[in-house]
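In full-length UniProt numbering, the protein residues as written are 1 to 278.
Down below is the structure, laid out as structure tokens.
Structure (structure tokens):
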């Protein structure tokens, strides 16, 4: 069962004290973009602050797009930890209500896989709409006013690395979708798997290799996870680890498109995603 405020604005966020007293035992902080590097550290700092209250059985972080820890995966972790009621808080700035609406729907779809015994969920509005955030920004600005100005001595060089001007030599390019829908279906982990497979086959370097890159949403969300392979422009959909292995081995090495996962632009129901890929 999923509870959600009718309007994901300030009013819904102000209801949290009531919700916390109503049996919430797990908190899931949902970030917008990648968990790698400083972005991941920032999310974990927020999670640690919530954990320090000692009020919850577990506190986790997830990512909406371009990351490894997807919303369904982290909801499952909370459930496995024994959570009976999970509070999901989007750590977003700005009012992307359509995305939050879809994410709450994705959370509800996950809850249905757990059956009658699954945990309840509360899906709030974005934290960026909470009035306390403005107070925190005002305090941070005031405390920063006395800091030193940026000077040339802060940098080893004012020039950017020369390598940033070199176009990658690989003749084959792969664009892997990391939009919210594909991320919720495990695209982050599949991208890592793709890199490992390319490395295993010696395809990360040289003109005969593959230059892989992440993108935002590529649009055919119902067919995700997706990626496009150039120069042929082949759309591969419903990806799994097994599918990626075959695409690397049979297409990128052997030169044969893996028709089972290839989709023709403009086609719809005639080309369903392979069973078990979703």
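For each residue, glycine too, the CB sits at the ideal point set by N, CA and C.
If you're wondering where the values come from, they're calculated on a predicted model, not measured in any experiment.
| Check | Outcome |
| --- | --- |
| 6 Å Cβ shell around residue 204 - same chain, five flanking residues per side excluded | 198 |
| Stretch-stretch touch, CB-based, cutoff 8 Å, three pairs: the stretch 89 to 102 with the stretch 135 to 146 | no |
| Stretch-stretch touch, CB-based, cutoff 8 Å, three pairs: the stretch 183 to 194 with the stretch 50 to 68 | yes |
| Outcome for residue 158 when other beta-carbon atoms lying within 10 angstroms are tallied against a minimum of 16 | exposed |
| Rounded separation between residue 31 and residue 43 - CA only | 7 Å |
| Backbone secondary structure at residue 227 - three-state DSSP | strand |
| Where residue 265 sits in the DSSP three-state scheme | coil |
| Exposed unless 16 or more other CB atoms sit within 10 angstroms - verdict on residue 200 | exposed |
| Inside the stretch 66 to 153 only - alpha helix (DSSP H) runs reaching at least 4 residues | 71 to 80, 97 to 113, 131 to 144 |
| Among 221, 252, 246, the one whose alpha carbon lies nearest that of residue 211 | 252 |
| For residue 207, three-class secondary structure by DSSP | coil |
| Exposed unless 16 or more other CB atoms sit within 10 angstroms - verdict on residue 165 | exposed |
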